[in-house]
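Chemist: Quick one: structure below, then a few questions.
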Amino acid sequence: MASSQGTIVLTGANGGLGSAIVTNLLKKPELAAYTGVYTVRKAATATALKRVLDAGPASHKHDIVDLDLSSLVSVRETAAEINRRVAAGDLPPIRALILNAAYQDHEELDLGTTMFLTSCFNIDDKRNTIGGEPYKGRTTLFPSVEELAKGTWSTPKDGDGWWTGFRRYGASKLCAVMLMHELANRIGTDPDLSNITVVGLDPGAMSSDLTRRGGSSMHFNIKVMLPIIAYLAVKFSPNGAMRPLWKSAGDVVRLCFDVDAPKGKLLYLNGTDEFETAKEARNAANRKSLWDYGVVAAGIKQGDTVLTNWQ
1 MASSQGTIVL TGANGGLGSA IVTNLLKKPE LAAYTGVYTV RKAATATALK
51 RVLDAGPASH KHDIVDLDLS SLVSVRETAA EINRRVAAGD LPPIRALILN
101 AAYQDHEELD LGTTMFLTSC FNIDDKRNTI GGEPYKGRTT LFPSVEELAK
151 GTWSTPKDGD GWWTGFRRYG ASKLCAVMLM HELANRIGTD PDLSNITVVG
201 LDPGAMSSDL TRRGGSSMHF NIKVMLPIIA YLAVKFSPNG AMRPLWKSAG
251 DVVRLCFDVD APKGKLLYLN GTDEFETAKE ARNAANRKSL WDYGVVAAGI
301 KQGDTVLTNW Q
């Protein structure tokens, strides 16, 4: 039988923020006592995560699990295996599920999955105009579920350079926030699951591999300039637009374990500050259309989930 305080499941654990979250967890003995299930695209090449684990306490129980977030088959198989292990007592009950993973492609159109550690992109947020005007002439990041799912909106063919990819990324983040709202509402009215809280976090702009296919100038700005700027900026504005990885990782862990989140309602933070999500994310009709489309696209059927109000 498994023995620890509980299990922490973290997706995208080999990325910049993911490995920083693991570093933060292992620095706290009370959290290192949890069992970690760290998902990565390929365990054999998860070098950043392995370096962090090797430097942490040897007593920390953990598994590195292959998970391709762009594949619904892989997501379903991995979730089913984790559920099976918890039910069998091989893993302690899940205490925190940290859905962290993202990818931003400015040059090509690749469809994938974005999880719940997300930025609050919206048309009216002035933070998105720091480097230009990506939404100029546009009034929405949610044209329709079909357009976003099929990749027919804001494509490289629009001739707007790398802003097309920025807008697609923003739309995916908006959808993630919409799903957070919808999930929080549905869990809150579920008689068996209402003790579960749903939280979201905007970690700010960080130096990671998020834009690794964005060109040499973008790589220089993200990997060289941003860490310097973020190091200075966070001293004056802890929850400003640019933040070091260690700051955002600490915010993630704090939100999971130190903040009393309301039940039945999404708590969304920008760093450590409570933040109102975008107007489009709060649109109940759009949220339901996105939820309904996701249920069909994922092939979810009766018996696949314990959530009562899943349809």
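As numbered in the UniProt record's numbering, the sequence shown has no gaps in its residue numbers, which increase by one up to the final residue, 311. C-beta atoms are modelled at their ideal positions from N, C-alpha and C, and glycine is treated no differently.
1) Which residues share a DSSP beta bridge with V199?
2) Report, in whole angstroms, the separation of the C-beta atoms of I64 and Y38, which I expect to be a contact under 8 Å.
3) Per DSSP, H181 is paired with what?
4) Ignore the nearest five residues each way along the sequence and tell me which others in E280's own chain have a CB closer than 7 Å to its CB.
5) For D63, write down the residues that DSSP places opposite it in a beta bridge.
6) Rounded to whole angstroms, what is the Cα-Cα separation between T78 and L269?
7) Would you check if the distance between the CB atom of V40 and the CB atom of D66 is smaller than 8 Å?
8) Residue range of the beta strand (DSSP E) that L97 falls in?
9) Return helix, strand or coil for E274, following the three-state DSSP convention.
10) Have a look at W153, K157, G161 and flag the residue whose alpha-carbon is nearest the alpha-carbon of S172.
11) Considering only the beta carbon of each residue, do D190 and N283 sit closer than 8 Å?
12) With a threshold of 16 other CB atoms inside 10 Å of the CB of K136, please say whether the residue is buried or exposed.
13) Terminal residues of the continuous alpha helix (DSSP H) containing I82?
14) Give me, in chain order, the residues of the same chain whose beta-carbon lies closer than 8 Å to that of I21; leave out the 5 immediate sequence neighbours on both sides.
15) Among T277, G56, H60, Q5, which one has its Cα closest to the Cα of P93?
16) For a test of the three-state rule: what should DSSP assign to L111, helix, strand or coil?
17) If L148 sits next to V199, beta carbons under 8 Å apart, how far is it from one beta carbon to the other, in whole angstroms?
18) Please identify the residue among L72, M242, K157 whose C-alpha is closest to the C-alpha of G294.
19) Any heavy atom of the ligand ADP closer than 7 Å to the beta-carbon of K247?
20) On a Cα-Cα basis, can you pick out the residue from K235, G264, M206 that is closest to M242?
21) In terms of residue numbering, what span does the beta strand (DSSP E) encompassing I8 cover?
22) Can you say whether L111 is buried or exposed, counting buried as having 16 or more other CB atoms within 10 angstroms of its CB?
23) Where does residue 314 sit, in a helix, a strand or coil, going by DSSP?
24) Note down the Cα distance separating G159 from S144, rounded to an integer number of angstroms.
25) Just how far apart, CA to CA, sit A230 and T23?
26) Whose CA, out of W246, A96, G271, lies closest to the CA of L31?
27) Out of curiosity, what's the CA-to-CA distance linking T197 and L183?
28) If we ignore side chains and look at the alpha-carbon of each, how far apart do H181 and K265 end up?
29) Have a look at I300 and W291 and give me their C-alpha separation to the nearest angstrom.
30) Can you tell me which of T272, P244, L245 puts its alpha carbon nearest to the alpha carbon of C256?
31) What is the DSSP secondary structure of A205, reduced to helix, strand or coil?
32) Use the C-beta contact count for G151: other C-beta atoms within 10 angstroms, 16 or more gives buried, fewer gives exposed.
33) Here's a check: name, in chain order, each residue in its chain whose Cβ is nearer than 7 Å to the Cβ of L201, leaving out the five neighbours to either side.
Modeler: With the structure as the only source:
1) Start at 1 with the first residue of the sequence shown, and residue 199 comes out as number 199. In the DSSP assignment, V199 is bridged to L267.
2) Here residue 64 is taken as the residue at index 64 of the sequence shown, counted from 1. Here residue 38 is taken as the residue at index 38 of the sequence shown, counted from 1. Between the beta-carbon of I64 and that of Y38 there is about 5 Å, and that keeps the pair under the 8 Å contact cut.
3) The sequence position of residue 181 within the sequence shown is 181, counting from 1. In DSSP, H181 forms no bridge with anything.
4) Taking the first residue of the sequence shown as 1, we reach residue 280 at position 280. For E280, the CB contacts under 7 Å within the same chain, skipping 5 residues up- and downstream, are N122, T140, L141, F142, L174, N286 in chain order.
5) Residue 63 sits at position 63 when you count from the first residue of the sequence shown. Paired residue(s): V37.
6) For this step, residue 78 is matched to residue 78 along the sequence shown. For this step, residue 269 is matched to residue 269 along the sequence shown. Spanning the alpha carbons of T78 and L269 requires a straight line of approximately 28 Å.
7) Along the sequence shown, read from residue 1 onward, the residue named residue 40 stands at position 40. Along the sequence shown, read from residue 1 onward, the residue named residue 66 stands at position 66. Annotated as proximal: V40 and D66, with beta-carbon spacing under 8 Å.
8) Here residue 97 is taken as the residue at index 97 of the sequence shown, counted from 1. Per DSSP, the continuous beta strand (DSSP E) segment holding L97 begins and ends at 94 to 98.
9) The sequence position of residue 274 within the sequence shown is 274, counting from 1. Reduced to three states, the DSSP call for E274 is strand.
10) Locating residue 172 in the sequence shown gives position 172, counting from the first residue. Answer by Cα proximity: W153.
11) Along the sequence shown, read from residue 1 onward, the residue named residue 190 stands at position 190. Along the sequence shown, read from residue 1 onward, the residue named residue 283 stands at position 283. The answer is no: Cβ separation not under 8 Å.
12) Walking along the sequence shown from the start, residue 136 turns up at place 136. Taking all protein chains in view, the Cβ of K136 is surrounded by fewer than 16 other Cβ atoms within 10 Å, so the residue is classified as exposed.
13) By 1-based counting over the sequence shown, the position of residue 82 is 82. It spans 72 to 88 - the alpha helix (DSSP H) in which I82 sits, taken as one unbroken run.
14) Residue numbering aside, residue 21 sits at position 21 when the sequence shown is read from its first letter. Within the same chain, I21 has close Cβ partners L10, A13, I98, N100, A249, V252, V253.
15) Here residue 93 refers to the residue found at position 93 when the sequence shown is read from its first residue. For P93, the nearest C-alpha among the options comes from Q5.
16) Start at 1 with the first residue of the sequence shown, and residue 111 comes out as number 111. The predicted model places L111 with a pLDDT of 35, which falls under 50 and marks its position as unreliable; any figure quoted below should be read in that light. It is coil, neither helix nor strand.
17) To locate residue 148, count along the sequence shown from 1; it is residue 148. To locate residue 199, count along the sequence shown from 1; it is residue 199. L148 to V199, Cβ: 24 Å. No contact.
18) As a working mapping, residue 294 is identified with position 294 in the sequence shown. Nearest Cα to G294 within the set L72, M242, K157: L72.
19) By its list of ligands, the structure shown contains no ligand whatsoever, and the ligand ADP lies outside what it can speak to.
20) In the sequence shown, residue 242 corresponds to position 242, counting from 1. Measuring from the Cα of M242, the nearest candidate turns out to be M206.
21) Within the sequence shown, residue 8 is the residue found at index 8, counting from 1. It spans 7 to 10 - the beta strand (DSSP E) in which I8 sits, taken as one unbroken run.
22) Here residue 111 is taken as the residue at index 111 of the sequence shown, counted from 1. Residue confidence for L111 is low, a pLDDT of 35 falling below 50, so the modelled location carries little weight; the figure read from the coordinates is stated next. L111 is exposed by the Cβ-count criterion.
23) Residue 314 is absent from the model: the chain starts at 1 and stops at 311.
24) Here residue 159 is taken as the residue at index 159 of the sequence shown, counted from 1. Here residue 144 is taken as the residue at index 144 of the sequence shown, counted from 1. Take the alpha-carbon of G159 and the one of S144: they are about 21 Å apart.
25) Counting from 1 along the sequence shown, the entry for residue 230 is found at position 230. Counting from 1 along the sequence shown, the entry for residue 23 is found at position 23. Rounded to the nearest angstrom, the two C-alpha atoms are 19 Å apart.
26) As a working note, residue 31 is residue 31 in the sequence shown. The shortest CA-to-CA distance from L31 to any of W246, A96, G271 is the one to A96.
27) Translated into positions along the sequence shown, residue 197 becomes position 197. Translated into positions along the sequence shown, residue 183 becomes position 183. T197 and L183 have their C-alpha atoms some 10 Å from each other.
28) As a working mapping, residue 181 is identified with position 181 in the sequence shown. As a working mapping, residue 265 is identified with position 265 in the sequence shown. Near 7 Å, if we compare the C-alpha coordinates of K265 and H181.
29) In the sequence shown, residue 300 corresponds to position 300, counting from 1. In the sequence shown, residue 291 corresponds to position 291, counting from 1. Their Cα atoms are separated by approximately 11 Å.
30) Within the sequence shown, residue 256 is the residue found at index 256, counting from 1. The shortest C-alpha separation from C256 is found at T272.
31) In the sequence shown, the residue the question calls residue 205 occupies position 205. A205: strand per DSSP, three-state reduction.
32) For the purposes of this step, residue 151 is taken as residue 151 along the sequence shown, with counting starting at 1. By the 10 Å Cβ count, G151 comes out exposed.
33) On the sequence shown, residue 201 is found 201 positions in, with the first residue counted as 1. Excluding sequence neighbours, L201 sits near L117, D251, V252, L255, L269.
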